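What follows is a set of notes on a single structure, which appears directly below.
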Amino acid sequence: MKKLTTVLLAAGLLVSASACTAPELSTKETCERLNLVVSNPGTGKAAMNRIANALRPLEAVASEELQPSLKALLEYADESAKQNPDEAKLGELTEEYQKAGARFSELCSGA
Numbered sequence: 000m001k002k003l004t005t006v007l008l009a010a011g012l013l014v015s016a017s018a019c020t021a022p023e024l025s026t027k028e029t030c031e032r033l034n035l036v037v038s039n040p041g042t043g044k045a046a047m048n049r050i051a052n053a054l055r056p057l058e059a060v061a062s063e064e065l066q067p068s069l070k071a072l073l074e075y076a077d078e079s080a081k082q083n084p085d086e087a088k089l090g091e092l093t094e095e096y097q098k099a100g101a102r103f104s105e106l107c108s109g110a
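Under numbering that gives the first Met the number 0, the sequence shown has 6 at position 7, and the numbering climbs by one with no breaks.
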């Protein structure tokens, strides 16, 4: 009886955990949330850290179309926010960061 109860409890937890996953946002919804994050970006390491922290939850639910660009923005923001950023790595990330910005401008200009 204990084994059956344990199995049923585990199955119930598994089902409830899978029901709690966040749904993917549409491209328009992703754009709206991204625009909120970058509407007043500020400057310096503190601003990049704030942006990176605001992008993390969005990355998990962003539309498929914008996830690669969001990942590039997040990687750039993370590296820029470091106390001593690796200039070589930052240089490598800059091109992808610029492409991501262009992609967001393309898809989010009306959002």
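Each residue gets a CB set at the ideal place from its N, CA and C atoms; glycine is no exception.
This one's a predicted model, so the numbers in the text were calculated from it and none came from an experiment.
Are the beta-carbon atoms of residue i and residue j separated by less than 8 Å?
i           : j           : result
residue 93  : residue 64  : no
residue 58  : residue 44  : no
residue 77  : residue 51  : yes
residue 103 : residue 79  : no
residue 30  : residue 106 : yes
Where do the N-terminal and C-terminal ends of the alpha helix (DSSP H) with residue i fall, by residue?
i          : result
residue 88 : 86 to 107
residue 73 : 66 to 80
residue 34 : 26 to 37
In chain order, what residues of the same chain lie with their CB nearer than 8 Å to the CB of residue i, ignoring the 5 residues before and after it?
i          : result
residue 23 : 60, 61, 62, 63
residue 49 : 41
residue 39 : none
May I have the straight-line CA-CA distance separating residue i from residue j, to the nearest angstrom?
i           : j           : result
residue 33  : residue 97  : 16 Å
residue 75  : residue 41  : 15 Å
residue 124 : residue 56  : Only positions 0 to 110 of the chain appear in this structure, which leaves residue 124 out of reach.
residue 87  : residue 35  : 30 Å
residue 101 : residue 84  : 24 Å
residue 47  : residue 28  : 22 Å
residue 37  : residue 108 : 13 Å
Leaving out five residues before and five after residue i in sequence, what residues of the same chain have Cβ atoms less than 6 Å from its Cβ?
i          : result
residue 91 : none
Keeping to the same chain, check which residues put their C-beta closer than 7 Å to that of residue i; ignore five residues upstream and five downstream.
i          : result
residue 72 : 54, 96, 99
residue 81 : none
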